[in-house]
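Please read the structure below before turning to the comments.
In the numbering used here, the protein residues as written are 69 to 638.
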């Protein structure tokens, strides 16, 4: 019998748990009670039952897969975190601790609720359709007022990401194109042939930008980066099942990969194997990826760049590794979008990350980020039509007729595709280069400015537009408090964890003097937090501080789900 890596690890974890139980002082009691209960049972029966149950557990695929998933989580946590988790669970059985957890959860939920509703609390709420239709003039005046209020929140350039172009004239142009195709639906190419034409050209232009083979490489449109990732994972799962008969698929990705891969794993029954990153560079550990490969591995994924820290994983090494095992390799370039491909043209050379790298079999790219299209459109690309076909859904026996669709959605807004096509053609390569040049000047200004603040340090060495920073000494400065201080100055940044940090995603809205203003406010915020840390320990600082302090993720998960509930609350 071959001893799997997870089986060998089980021995180590079992030994660790044995020491933990022994340390708590429960082992002797358990042994005594067990021997007492089994004193009248024949020893041979005990052996037979043990062998029988062990056989069932090890031969049952679902049980074994669940155990392996749990085991990998244990290995990822490490002994210290596992011990904290177990002790926290034990302490959670005490009524006083349960009450404390409940009180803190309610308090946090109230903070989230107040923050979410503060802008609209004085507005009337609709709970039913009006008996008589409201005049269009009244509606237009109302939504114009709302739009102007929202516009003020991001027009100053203090929002991380979110708005990628934002210039009024260009936005008006996109809206004009959008309005012409507002009723179009790519599900009906016979009715909307020009929408189909524009979508095919979007894919072709994007594939060419990422150096795909014009004869073989292909793709489809999706609603965003998450759907592009979901579709690619489905394609690899279905391909592995049909060609290799893999029924318990696994995919490997660094811990910095986008959470959409976790969503895909949950939706499509794929076991996601997270591997560590280098603690200094924050790049995926190639050796850890190699060790995680099994006969069930259907996909290896990496980022270019990752959302949290703006770091590009070692694409060439990982793609070569995947190719040597005949495993698919996906590059998540949703955030790199149409910025990354132009950096080399403006004097910022990067390691290869696209179809020019042997072994890259799919790439996701968001058109609504640095492609400057309206929100809700992305492109998923493949190196072959054969792989793309596994993304599709087809029902040939439905009573409603033969039904086939390329993406998760059936009907889709053709207006988004029309506006994306218009953005790409209007800007052209020169337009994208100009935007990239301005953004990278801002990025360099901010990187240099952070290096001048002794209390802060950069996370890794970001080569693009996402810049993450943390406290040089976390014991003397809480980075979440700094983020809260920045929010009081109107900045909306992204709080990160593992490690505790904050990032800004630079866009066309941060060019010019905005970058210098950011460094000025960041310097002042650090000074304010050092002078009066308690003044900035509420809001998001309190939430992320609690999340990092509680070893039981289920509590934070419950708060996150409550936050989603609030999105649909009047």
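Just so you know, even glycine gets a beta-carbon here, dropped at the ideal spot from N, CA and C.
Please list the terminal residues of the continuous alpha helix (DSSP H) segment that includes residue i.
i, result
"residue 398", "No alpha helix (DSSP H) contains residue 398, which is instead part of the beta strand (DSSP E) from 396-400."
"residue 280", "Element bounds for residue 280: n/a, residue is neither H nor E."
"residue 454", "453-457"
"residue 358", "354-360"
Going by DSSP, which residues form a beta bridge with residue i?
i, result
"residue 525", "538"
"residue 510", "Answer by DSSP bridge pairing: none, since residue 510 is not bridged."
"residue 434", "446"
"residue 571", "536, 562"
"residue 272", "For residue 272, which the question treats as bridged, DSSP gives no partner whatsoever."
Any idea what DSSP makes of residue i, helix, strand or coil?
i, result
"residue 340", "strand"
"residue 74", "Any reading at residue 74 is ruled out, since the residue's pLDDT is 43, under 50, leaving its predicted position unreliable."
"residue 633", "helix"
"residue 428", "coil"
"residue 463", "strand"
"residue 102", "helix"
"residue 240", "helix"
"residue 550", "helix"
"residue 348", "coil"
"residue 590", "helix"
"residue 365", "strand"
"residue 259", "coil"
"residue 423", "coil"
"residue 625", "helix"
"residue 118", "helix"
"residue 638", "coil"
"residue 161", "coil"
"residue 620", "coil"
"residue 584", "helix"
"residue 495", "helix"
"residue 480", "coil"
"residue 605", "coil"
"residue 267", "helix"
"residue 500", "helix"
"residue 517", "helix"
"residue 490", "helix"
"residue 110", "coil"
"residue 505", "helix"
"residue 599", "helix"
"residue 576", "helix"
"residue 485", "helix"
"residue 235", "coil"
"residue 335", "helix"
"residue 555", "helix"
"residue 247", "helix"
"residue 612", "helix"
Which residue marks the beginning of the beta strand (DSSP E) containing residue i, and which one marks its end?
i, result
"residue 471", "471-473"
Give a yes or no on whether the minimum CB-CB distance between residue i and chain B is below 8 angstroms.
i, result
"residue 246", "Protein chain content of the structure displayed is limited to a single chain, and chain B is not contained in it."
Between the region 392-401 and the region 287-307, do at least 3 Cβ pairs fall closer than 8 angstroms? Taking 8 angstroms as the limit for Cβ pairs, the verdict is that the region 287-307 does touch the region 392-401.
Spell out a yes or no on whether the region 278-290 and the region 450-463 are touching, meaning 3 or more CB-CB pairs, one atom from each, closer than 8 angstroms. Touching, yes, given that three or more Cβ pairs across the two stretches are closer than 8 angstroms.
Uninterrupted alpha helix (DSSP H) stretches inside the region 286-333 (no shorter than 4 residues): Annotation: the region 286-333 contains the following complete segments of the alpha helix (DSSP H) (minimum length 4 residues), in chain order: 293-312.
Touching or not, the region 583-603 and the region 526-536, by the rule of three or more beta carbon pairs under 8 angstroms? In short, these stretches do not touch, since the Cβ pair count stays below three.
Inspect the CB distances between the region 380-389 and the region 467-480 and report whether three or more fall short of 8 angstroms. Not touching, per the Cβ criterion.
Between the region 577-592 and the region 507-517, are three or more C-beta pairs nearer than 8 angstroms? The region 577-592 is in contact with the region 507-517.
Going residue by residue through the region 369-418, where are the continuous beta strand (DSSP E) segments of at least 3 residues, counting only ones entirely within it? Complete beta strand (DSSP E) runs here, min 3: 396-400.
Return the chain-ordered ranges of every alpha helix (DSSP H) run that is complete within the region 168-233 and spans a minimum of 4 residues. List check, alpha helix (DSSP H) in window: 204-222.
Flag this pair as touching only if the region 548-566 and the region 422-440 have three or more C-beta atom pairs under 8 angstroms; answer yes or no. Put simply, the region 548-566 does not touch the region 422-440. Fewer than three CB pairs are less than 8 angstroms apart.
Are there three or more Cβ pairs, one per stretch, closer than 8 angstroms when the region 245-253 is compared with the region 475-488? These segments touch.
For the 8 angstroms Cβ check, are there 3 or more pairs between the region 317-327 and the region 341-357? Yes, they touch.
If you pair each beta-carbon of the region 621-633 with each one of the region 173-183, do three or more pairs fall below 8 angstroms? Judged by Cβ distances under 8 angstroms, the region 621-633 makes contact with the region 173-183, as three or more pairs qualify.
For the 8 angstroms Cβ check, are there 3 or more pairs between the region 196-208 and the region 408-422? Contact annotation: the region 196-208 does not touch the region 408-422, with fewer than three C-beta pairs closer than 8 angstroms.
Assess contact between the region 347-366 and the region 184-195, defined as three or more Cβ pairs (one per stretch) separated by less than 8 angstroms. Is contact present? In short, these stretches do not touch, since the Cβ pair count stays below three.
Below 8 angstroms, can you find three or more Cβ-Cβ pairs linking the region 485-500 to the region 233-251? Using a C-beta cut-off of 8 angstroms, the region 485-500 makes contact with the region 233-251, since at least three inter-stretch Cβ pairs fall below that distance.
Inter-stretch contact at 8 angstroms, needing at least 3 Cβ pairs: the region 542-561 / the region 221-231: A contact exists between the region 542-561 and the region 221-231.
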